[in-house]
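In numbering that gives the first Met the number 0, the protein residues as written are 0 to 324.
Glycine is no exception: its CB is placed at the ideal position from the N, C-alpha and C atoms.
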Amino acid sequence: MDVNAFRYDGDGAFSLNEFPTSKEISKDQKAQYEKMLAENTKRIAELQDKLYAQGTEGVLVVIQAMDAAGKDGTIKHVMSGVNPQGVNVVNFKTPNKTELSHDYLWRCILGLPERGKIGIFNRSHYEDVLVVRVHEMWKGYKWPKRCFDMSEDEFFAKRFKQINNFEEYLYENGYRLVKIFLNISKEEQANRFIARIDEKDKNWKFSIGDVDESDLWPKYMQAYESMIAGTGSACAPWYVIPADQKWVARWLVSEAIIQALEDIDPEYPKLAADDLEKFPAYRARLVGDDPEDAQAIEKAKAAIAENVEKCKKKKEKKAKKSLKE
């Protein structure tokens with residue numbers, strides 16, 4: 000299964016109905032997908048380590064979905080094992096008073112990762128073209144009449160333009176964007192809500208507000224379709240991920256992230272030849288030898304070469320073991 004089958008980059012018309020909520024893969028394959036996810040998580044960790052060391056580009060993963068689609072679980076399972084120093088996760092809740100006193104992109108700009116890191120937005124600036132649209136909140140904002148004295152379609156067309164400009168700006172300043180929509184069916188969402196009611200260890204997740212929002216499903220699907228159609232682009236594509244089977248969705252999300260990281264192709268920074276030539280003298284000093292002594296320098300060079308070879312063999316052995324598993 001190719002994750003690009005679920006990619007929309009603005010090329011052609013977009014219809015949410017053309018993207019499935021489930022690939023209906025047999026549960027017998029669940030263990031296989033979990034194994035593939037574990038392999039991908041290792042790959043993400045390797046690439047992220049190089050990304051962090053290189054420090055020239057950042058990755059921003061945006062995750063949007065209806066309630067119970069698996070946003071938190073996806074972040075947990077896909078990013079487990081990745082060095083937390085190189086990952087920022089930002090959860091965007093209902094805007095507070097301070098956030099509402101600024102433009103809607105302000106809080107997202109504050110949450111952007113540094114170059115060299117992977118940033119994950121659990122919800123994002125897209126809430127301002129989703130819940131704001133469904134509940135017509137934009138009509139009650141405290142701002143000049145010129146900003147909202149227009150039709151709904153015109154207002155949100157302007158927002159899509161603003162978002163596209165913002166995301167193009169990020170791309171042109173060293174960021175790769177991976178935008179994920181976890182595409183869950185209404186039936187599967189209801190099943191997950193019921194599980195939150197029936198299972199004690201999930202009771203804390205249940206909110207009557209989520210059920211109320213689910214009653215607005217047609218409006219939300221219309222808003223999502225309009226949003227993806229209006230903001231999918233070559234530099235900031237959407238991935239409409241089938242989310243009814245969590246284990247399939249998580250693997251597909253990991254594939255999308257790997258694709259972005261491999262496009263960057265990060266490498267560990269290479270030291271200048273002059274600096275490398277000084278390594279034997281530094282090593283001699285660290286083991287208590289005279290860095291001015293020719294014999295000590297040759298001894299250090301031999302030790303460095305021996306350990307480089309050991310590291311090489313260790314990596315090859317690890318790679319072979321991974322292939323067998």
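Inset, instruction - Following the continuous alpha helix (DSSP H) through I24, name the residue where it begins and the one where it ends. - result: The residue labelled residue 24 in the question sits at position 25 within the sequence shown. Taken as a continuous stretch (DSSP letters only), I24 belongs to no alpha helix (DSSP H), as it is neither H nor E.
Legend entry - Beta-carbon contacts of A44 that lie in its chain and below 6 Å, excluding the five residues immediately before and after: Here residue 44 is taken as the residue at index 45 of the sequence shown, counted from 1. Cβ neighbours of A44 beyond the five flanking positions: G80 and V81.
Legend entry - Cβ-based burial, Y7 [other Cβ within 10 Å; buried from 16]: Working through the sequence shown from its first residue, we reach residue 7 at position 8. Y7 should be labelled buried.
Legend entry - Proximity to G115 [Cα-Cα], best of G11, E266 and K41: Here residue 115 refers to the residue found at position 116 of the sequence shown. Residue nearest to G115 within the set G11, E266 and K41 is E266 (criterion: CA-CA distance).
Legend entry - Rounded distance between the beta-carbons of K185 and S213, thought under 8 Å: The residue labelled residue 213 in the question sits at position 214 within the sequence shown. The residue labelled residue 185 in the question sits at position 186 within the sequence shown. Right, the Cβ-Cβ distance comes to about 7 Å (below 8 Å), so this counts as a contact.
Inset, instruction - Pick helix, strand or coil for F180, following the three-state DSSP scheme. - result: In the sequence shown, the residue the question calls residue 180 occupies position 181. Three-state result, F180: strand.
Inset, instruction - Determine the extent of the alpha helix (DSSP H) in which V328 is found, giving its start and end residues. - result: Here the chain comprises residues numbered 0 to 324, so residue 328 is not present and cannot be evaluated.
Inset, instruction - For the alpha helix (DSSP H) containing Q53, list its first residue and its last residue. - result: Here residue 53 is taken as the residue at index 54 of the sequence shown, counted from 1. Residues K29 to Q53.
Legend entry - Selected residue, minimal CA-CA separation from V177, among N190, G229 and Y238: Within the sequence shown, the letter at position 178 stands for residue 177. Ranking the options by Cα distance to V177, first place goes to Y238.
Legend entry - Whole beta strand (DSSP E) elements within the stretch 157-244, 3-residue minimum: 174-182 and 237-241
Legend entry - Span separating the alpha-carbon of L104 from that of S21: The residue given as residue 104 occupies position 105 in the sequence shown. The residue given as residue 21 occupies position 22 in the sequence shown. Roughly 32 Å between the two C-alpha positions.
Inset, instruction - Please report how far the alpha carbon of G29 lies from the alpha carbon of P19, in whole angstroms. - result: The count along the sequence shown starts at 1 and reaches residue 29 at position 30. The count along the sequence shown starts at 1 and reaches residue 19 at position 20. Before going on, a small fix: residue 29 reads as Lys here, not Gly. For K29 and P19, the distance between alpha carbons rounds to 18 Å.
Legend entry - Outcome for Q63 when other beta-carbon atoms lying within 10 angstroms are tallied against a minimum of 16: Position 64 of the sequence shown holds residue 63. It is buried - the Cβ of Q63 has at least 16 other Cβ atoms within 10 Å.
Legend entry - Backbone CA spacing between P94 and G118 [nearest angstrom]: Sequence index remark: in the sequence shown, residue 94 carries index 95 (1-based). Sequence index remark: in the sequence shown, residue 118 carries index 119 (1-based). About 20 Å.
Inset, instruction - Can you grab the Cα-Cα spacing for the pair S100 / Y219, in whole Å? - result: The residue you call residue 100 lines up with position 101 of the sequence shown. The residue you call residue 219 lines up with position 220 of the sequence shown. Distance between the alpha carbons of S100 and Y219 is about 26 Å.
Legend entry - When K309, W246 and F5 are compared against N16, the one with the closest alpha-carbon: Indexing the sequence shown from 1 puts residue 16 at position 17. Nearest of K309, W246 and F5 to N16, Cα basis: F5.
Legend entry - Three or more C-beta pairs below 8 Å linking the stretch 225-238 and the stretch 149-166: yes
Inset, instruction - Could you say if the stretch 276-286 and the stretch 63-77 meet the contact criterion of at least three C-beta pairs nearer than 8 Å? - result: No, the stretch 276-286 does not touch the stretch 63-77.
Inset, instruction - Return the chain-ordered list of same chain residues with a C-beta closer than 7 Å to the C-beta of G57, the five sequence neighbours on each side being excluded. - result: Numbered from 1 along the sequence shown, position 58 holds the residue referred to as residue 57. Taken in chain order, the residues that qualify are P112, E113, R114, G115, K116, G118, G173 and Y174.
Legend entry - Residues near I196 in its chain [Cβ-Cβ closer than 8 Å; skip 5 each side]: Locating residue 196 in the sequence shown gives position 197, where the first residue counts as 1. Cβ neighbours of I196 beyond the five flanking positions: N202 and F205.
Legend entry - Reduced DSSP secondary structure (H/G/I, E/B, other) of V88: Walking along the sequence shown from the start, residue 88 turns up at place 89. Three-state DSSP puts V88 in a strand.
Inset, instruction - Could you say which of A235, A304, V60 and V131 lies nearest to E166 if we only look at CA atoms? - result: Indexing the sequence shown from 1 puts residue 166 at position 167. For the residues A235, A304, V60 and V131, the minimum Cα distance to E166 belongs to A235.
Inset, instruction - Could you tell me the distance, in whole angstroms, from the CA atom of L322 to the CA atom of D274? - result: Translated into positions along the sequence shown, residue 322 becomes position 323. Translated into positions along the sequence shown, residue 274 becomes position 275. Legend: pLDDT at L322 = 49, less than 50; position of this residue unreliable, value from coordinates given subsequently. Rounded to whole angstroms, L322 to D274 spans 36 Å at the Cα level.
Legend entry - CA nearest to the CA of V2, picked from H76, S253 and F147: Counted from its first residue, the sequence shown places residue 2 at position 3. Per the Cα distances, S253.
Legend entry - Where G57 sits in the DSSP three-state scheme: For the purposes of this step, residue 57 is taken as the residue at position 58 of the sequence shown. Three-state result, G57: strand.
Legend entry - Rounded straight-line distance, which links the Cα of M35 to that of E291: Reading the sequence shown from its first residue, position 292 is the one you call residue 291. Reading the sequence shown from its first residue, position 36 is the one you call residue 35. A straight-line Cα-Cα distance of about 52 Å links E291 and M35.
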